[in-house]
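Here is the structure we will look at.
Chains as they are written, first to last, in the working numbering: chain A, 194 to 888; chain B, 194 to 888.
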């Protein structure tokens, strides 16, 4: 509702309109007038009476009519009071161009601004932004001079300055926009609200975002999973900067916002089905490929080219990006052979040879687009003597009319192919300047469909967990003023949430030990139990692989060691525990960061330590998240059985990941949690040790 | 000499000149005439008398004068005889445009062509190529219509069709060339000879190559190490296609040449200091950055920008590509503060803010280029209201005149920055269209200098090796008609080349066993020795960790097992071997492929098997190659000591790699060789087992 006031206002007041050339307050009014905004434009400035042919008003109070949108380009400290006045004139949205808020350390001023807008129920865009553009509304309410053509791409940018370059690049590439917003400091209006609005906007087919930081990953994941579950999934493409520590520091210094580690963002994008652009250039490639093709399953790609070299380069890119070359059937190759010269290659990549004219391309494209074994087509062309780039472009346009399989073209070169490029643009066919990016973009296009296909699950949820028991343990700790659970407490929490544990037993006397040990049919581990001892091994409080007949003597020796090392420790008992079977050591844990709580999964031992081979996903997990966590490991193959090790039971790992997800979702006070190791073998998994620390 | 005949001919005969429009034989003559070639142009065609204002001749024999270069655009089967005729007229080079040779399976015809040219001592370019262009010679002897401007980049392309696109892209980017050659099938004239020529060409500063296959890696490595050892290192940038299996297959199908695995090419590039472009687009970026900056040490980069977002994106790219952000000194930041607004960021990346005019950029750039802590500069600009792209470009030009530190600019956008881009081009400043590639290109620029710095070694060479002993063992095998060495033979080869081995001893009687075992001061391994048994473990022919007192009984049991499993095997003795100390298992081996013999190095066990964590380098190795082999492992950290394992003696590994390199260089008949495992610990390395198979 109030976003309509921002994107499709009927009347706009520009508070801080200025007669000074090249000033923000002048440019915005000029851009609104010049681009033909059809609604009311009210420049506000106490010192001027007219501007760009419009009557100017000395204050908002003087306005003769109601406004939907107030644009503010005045000193930061005056913004709040002017919004109050605008509200009285009916403004539903405020677009604050002015800088001087959080980005320069004025957090308090920004908080006041937020409070004002919340109180007035006004949508606040910015502050510290470039403005908003809606080409189909003929509205350029920004200080960027370019009015882009109408298109179906929405673009949101946390960097105002990037916007001007994006508009200029896009103009050159013939890319049009449905909505274009510089989000600035995102004090109130953030990407999530905008995505919800744009997802519902029939004029928008693809949402592109430049972001330096995002918030609340679990909510973004949930929202996008919900929104994109329907018939009309809308791709969201994000260029995220601040991937490295140095980059994150640079973000912090110019926006005042802290970015999480990039692995958190990557997890967010993977789970939310967000397509990640790795560079400005790729953002444009993806925007084209997504907006000009229908989302569908793509794995097998055909390449048609008039030049071997680019065909091979693109073949490499197809494979490296996880797609496949379609294996053409005999029927298809026969059809190609029927008109291609004998030295042409009728195997994928299809090389129609350097002298192929438009007609030859057209026949080849038609056959490939009609071949069942081909799921998408890449058309390459280098401008040789006989080449007809414009005719080839027309051929693609003609075939597109009869097949909706994705098609990405690269007419290589510049001047020599300019006419062909123009034809493709006019007819809404994706054309990328260079050949290899066609495959990379197509691979991300395909991946989005793969994500949609698996986007049909609920969060993993186990009914039989004993939440009360865990609450009781945590309450107990709070009472005692402790933050760290001792091992038996941590294991008790695990047991309450249904994790498989080794059989164990706490004994408080020699008799209990002797009776208890009878329950085990093999050697046991014994561990000292004491709230005073956090690291049992360090004080000699652990003995492994003890035969039943030696149990008493070994226990005595252990207690003697502990007594010597930590004489004042109060001993609460002896933990007897079944020895673990053979298996692969895994690590489960959590990582809390500014985006939310992530579940961490990895192989234990040297893999975690040296190779950092761990994967992350935000809680709550769905089954697909848990499966992906397992399969993302570089050393995943170890879990499938190598070198005599049997394959482990992956279902049991999924189960453990799901229970962990539920536990940390139910108890946000858990600050740190490690299950290390979780022992996995063909039978299932067992927790050998766990560590929990509360907030 | 004869390459001058190709690149700078005084007189050219075009055999197969044609009056048919848009034919190759017509285009070449037209391009020569149109671009103003100053020498003699002789069109040859039995049926025409003139072409494009020139007199045409009916045959080469009729020519009134001598020629340097014969260009052939006639059916493949006639090429040889025409070259014979051209030779009689003094031709020193033949450029064969005609297709129809190896690339369509006509290997024999291509071999005949090679023989003809070798006999006549004629340089053969092609066949199956687009032609040659030398802008400063005003010669476009190709059927590509574009004459590029004179520049200092040489371009060689195995794909003729790619050439036309490259010329068109380059024209648009304002990139000029010193020489431009389509190498075609490379029947005789290959990259190596061309590189030698171009390295010596004062007009060429950078050599760019598109290649689908190369030959003889060791020779390329040796040549480039020699050439680039001098004062005038010349960067060689290669775009290599056929990286993936599917790509290699596509190469094979359109060129008829087999490509090796990409790891072999990567090893070649790393050792030869060849800069690898990962895409067509990056090839242009690298060509610019290398040709427009002086090679020098670069690690610490400063970024100056008028837009936070692109600054962060580029910061990420700097770090991800292995460079660092320069940490500015107080003195530098003070200087920046003195004129920048207070909300500007004077820490790297330096954000001069969106309203920075040309003057502000100029001051900032001057300070940074003069700051000792800055080794290279990236200048970014987005075109905002107040921005002056042309003035910023002029500022960069001005500062370049006083500092030769590398500088790469990205004026982002298109139309709005076009004037600035033009100024940069005219003044030879690298400008890339998008921001992130500036960092990637600069990182490769820096890496080339790093390579030059270490390019001062000789091949590893050990004087005290016993080559005769190995020759004797191999001769012995040949006599016996065997290809596989048994373990003791393989170990003997290793011993002869000075590899550290476990102490061992061969006994032929119980008495020798009893006496021999006294030489060991701890338990031993015993292994059966038999030329009939290749896999001793499989027949029970190995026993480990045997106490001296049990040695006879264990030997008897072993012999019994072997007898049972392989009754007909002739036993040649019992190998007693010291048991190995603890250590990290490594694998050394060789990999022979179409490019040469590579040394393979990796960590043993699961690392090789699951993670394929191995590295390759071509023999002969220099010390830097061996060091790189070790440090390239992803799990390299294990060798430096983790998890209680001590750091291993890396010098000893280098020594083993060097000896292996020498052994395989001395004995090319070695077809397969594995040292598995090589046990490494803090004291050194020991070979535990080795396997050698001869050709």
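Glycine residues also receive a C-beta, built at the ideal position from the N, C-alpha and C atoms. Note that the coordinates shown come from a computational prediction; the quantities given were computed from them, not determined experimentally.
Going along chain A in order, which residues have a C-beta closer than 7 Å to the C-beta of residue i?
i, result
"residue 446 of chain B", "538, 540"
"residue 628 of chain B", "473"
"residue 830 of chain B", "803"
What does residue i reach in chain B if we use C-beta pairs closer than 8 Å?
i, result
"residue 835 of chain A", "799, 802, 803"
"residue 361 of chain A", "576, 605, 606, 607, 608, 609, 610"
"residue 403 of chain A", "502"
"residue 325 of chain A", "By Cβ distance, chain B contributes nothing, its closest Cβ being about 16 Å from residue 325 of chain A, past 8 Å."
Which residues of chain A have a Cβ atom closer than 9 Å to the Cβ of residue i, listed in chain order?
i, result
"residue 469 of chain B", "Chain A residues near residue 469 of chain B: none, gap ~13 Å exceeds 9 Å."
Please classify residue i: is it buried, with 16 or more other beta-carbons within 10 angstroms of its beta-carbon, or exposed?
i, result
"residue 220 of chain B", "buried"
"residue 328 of chain A", "buried"
"residue 834 of chain A", "exposed"
"residue 251 of chain B", "exposed"
"residue 660 of chain B", "exposed"
"residue 769 of chain B", "buried"
"residue 378 of chain A", "buried"
"residue 631 of chain A", "buried"
"residue 848 of chain B", "buried"
"residue 462 of chain A", "buried"
"residue 403 of chain A", "buried"
"residue 196 of chain B", "buried"
Opposite residue i in the DSSP bridges: which residues?
i, result
"residue 694 of chain B", "B:880"
"residue 755 of chain A", "None; residue 755 of chain A has no bridge partner."
"residue 478 of chain A", "Per DSSP, none; premise fails for residue 478 of chain A."
"residue 391 of chain B", "DSSP lists no partner for residue 391 of chain B."
"residue 735 of chain A", "A:720"
"residue 404 of chain A", "A:433"
Using the beta-carbon of each residue, which ones in chain A are nearer than 8 Å to residue i?
i, result
"residue 547 of chain B", "353, 354"
"residue 364 of chain B", "607, 608"
Under 9 Å, Cβ to Cβ, is there at least one residue of chain D near residue i?
i, result
"residue 851 of chain B", "This model lacks chain D altogether, as its protein chains are A and B."
Taking Cβ-Cβ distances shorter than 7 Å, what residues in chain B pair up with residue i?
i, result
"residue 518 of chain A", "439"
"residue 532 of chain A", "The premise fails here: residue 532 of chain A is roughly 18 Å from chain B at the closest Cβ pair, so nothing lies under 7 Å."
"residue 346 of chain A", "None at all; the shortest Cβ gap to chain B is about 17 Å."
"residue 336 of chain A", "578"
"residue 443 of chain A", "504, 505, 508, 542"
In chain B, which residues lie with their C-beta within 9 Å of the C-beta of residue i?
i, result
"residue 593 of chain A", "Within chain B, no residue comes near residue 593 of chain A; the closest Cβ sits about 23 Å away, beyond 9 Å."
"residue 512 of chain A", "436, 437, 438, 439, 440"
"residue 499 of chain A", "354"
"residue 694 of chain A", "Within 9 Å Cβ-Cβ: nothing; residue 694 of chain A doesn't reach chain B, min ~26 Å."
Is there contact between the segment 472-481 of chain B and the segment 589-600 of chain B, where contact requires at least three CB pairs shorter than 8 Å?
no
Jot down the residue ranges of each uninterrupted alpha helix (DSSP H) in the segment 639-683 of chain B, minimum 4 residues, whole runs only, in chain order.
660-673
Which residue spans inside the segment 339-377 of chain B form an unbroken beta strand (DSSP E) run of at least 3?
343-350, 370-375
So does the segment 573-584 of chain B actually touch the segment 545-552 of chain B, counting three or more Cβ pairs closer than 8 Å?
The segment 573-584 of chain B, when compared against the segment 545-552 of chain B, does touch it at the 8 Å Cβ threshold.
Does the structure place the segment 410-422 of chain A close enough to the segment 739-747 of chain A that three or more beta carbon pairs sit under 8 Å?
no
Touch check for the segment 560-574 of chain B and the segment 492-510 of chain B: three-plus C-beta pairs under 8 Å?
yes
Within the chosen definition, does the segment 211-227 of chain B reach the segment 875-884 of chain A through at least 3 CB pairs nearer than 8 Å?
no
Could you tell me whether the segment 281-291 of chain B touches the segment 317-336 of chain B, using the rule of 3 or more Cβ pairs below 8 Å?
yes
Cβ pair count under 8 Å reaching 3, the segment 453-470 of chain B against the segment 633-645 of chain B
Result yes; three or more Cβ-Cβ pairs closer than 8 Å.
Is it true that the segment 336-353 of chain B meets the segment 376-395 of chain B, where meeting means three or more beta-carbon pairs spaced less than 8 Å apart?
yes
Could you name each continuous beta strand (DSSP E) segment of 3 residues or more that falls completely within the segment 779-840 of chain B, going from the start of the chain to the end?
789-796, 807-811
Could you give the uninterrupted runs of the beta strand (DSSP E) lying entirely in the segment 259-304 of chain A, keeping only those of 3 residues or more?
262-265, 286-289
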